[in-house]
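A.B. asks: Residue numbers (our numbering), protein chains in the order written: chain A, 11 to 122; chain B, 4 to 118. Note that CB positions come from ideal geometry on N, CA and C, so glycine has one too. Note that the structure is a prediction, hence the values are computed from the model and not measured. Can you keep this structure in mind? I'll have questions shortly.
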Amino acid sequence: DAKTTQPPSMDCAEGRAANLPCNHSTISGNEYVYWYRQIHSQGPQYIIHGLKNNETNEMASLIITEDRKSSTLILPHATLRDTAVYYCIVGGVTGGGNKLTFGTGTQLKVEL
Amino acid sequence: GAGVSQSPSNKVTEKGKDVELRCDPISGHTALYWYRQSLGQGLEFLIYFQGNSAPDKSGLPSDRFSAERTGGSVSTLTIQRTQQEDSAVYLCASSRVWGAGDTQYFGPGTRLTVL
């Protein structure tokens, strides 16, 4: 699985957009980019994923660069409940199935 | 069910005892995954099932760890002769099918404490 690099922490004001970057320069052509988040003491929660195109759902938008070496998760209007650790994961097509390799993620803190 | 469920939510055991952790995946999901998360660490992949078979057991930390899945549904992770380093949150996830791009949904986890 390709490795990812994320900033360890970020702050965001409530109501503003939170833009979380992720570098995955060694991604291969058939690997997906996944984003999960983990609120303290809970299991990881799926947010969004994509292969090449930008994606949007009710939670967030995912912007993937044309060379696929980096991506940005956008929470358009962050709330206090969005405070969590956000994981960017690259993987998918391996001999070991669709196992996800979690890094240390970005601790997002949303403040008033 | 509506989501992945795991039991027990908390388990405290003494060193050397065996423990069984249970995972009920989302109904109809054919793939099931086990991970663990030690305090302050990221998630570590342990094993996955496609149906009742586990093609990749390389993530299991030692031969004290085993897992099975019956009827394509419930899975049990068993840890024999527990050690203090086994203390962690054990997380189960399921996905509709096995394959790239399919979303994994996680349960709340079982917090295991080995005294």
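1. Cβ of residue 17 of chain B within 7 angstroms of Cβ of residue 81 of chain B?
2. Given this structure, state the Cα-to-Cα distance separating residue 91 of chain A from residue 40 of chain B, to the nearest angstrom.
3. Counting Cβ pairs, one atom from each stretch, are 3 or more of them under 8 angstroms apart for the region 27 to 47 of chain B and the region 70 to 90 of chain B?
4. Note the first and the last residue of the continuous beta strand (DSSP E) segment covering residue 17 of chain A.
5. Starting from residue 79 of chain A, find everything on chain B with Cβ-Cβ shorter than 7 angstroms and list it in chain order.
6. When the cut-off is 7 angstroms and only beta carbons count, does residue 96 of chain A lie next to chain B?
7. On the DSSP bridge list, what partners appear for residue 71 of chain B?
8. So residue 22 of chain A packs on residue 88 of chain A, CB below 8 angstroms; how close in whole Å?
9. Does the Cβ of residue 43 of chain A have 16 or more other Cβ atoms within 10 Å, making it buried, or fewer, making it exposed?
C.D. replies: Looking at the coordinates:
1. Stepping through the second sequence from its first residue, residue 17 of chain B is reached at position 14. Stepping through the second sequence from its first residue, residue 81 of chain B is reached at position 78. Their beta carbons are not under 7 angstroms apart, which means residue 17 of chain B does not touch residue 81 of chain B by this criterion.
2. Taking the first sequence and counting its residues from 1, the one referred to as residue 91 of chain A is at position 81. Taking the second sequence and counting its residues from 1, the one referred to as residue 40 of chain B is at position 37. In a straight line, the C-alpha of residue 91 of chain A is about 22 angstroms away from that of residue 40 of chain B.
3. yes
4. Walking along the first sequence from the start, residue 17 of chain A turns up at place 7. Unbroken run through residue 17 of chain A: none, as it is neither H nor E.
5. Numbered from 1 along the first sequence, position 69 holds the residue referred to as residue 79 of chain A. Residues of chain B passing the Cβ test: none, with the nearest at roughly 19 angstroms.
6. By 1-based counting over the first sequence, the position of residue 96 of chain A is 86. Chain B, which has no Cβ nearer than 7 angstroms to the Cβ of residue 96 of chain A, makes this no.
7. Locating residue 71 of chain B in the second sequence gives position 68, where the first residue counts as 1. Its beta-bridge partners are B:79.
8. For the purposes of this step, residue 22 of chain A is taken as the residue at position 12 of the first sequence. For the purposes of this step, residue 88 of chain A is taken as the residue at position 78 of the first sequence. By a beta-carbon distance limit of 8 angstroms, residue 22 of chain A contacts residue 88 of chain A. Their separation comes to about 5 angstroms.
9. Locating residue 43 of chain A in the first sequence gives position 33, where the first residue counts as 1. Residue 43 of chain A is buried by the Cβ-count criterion.
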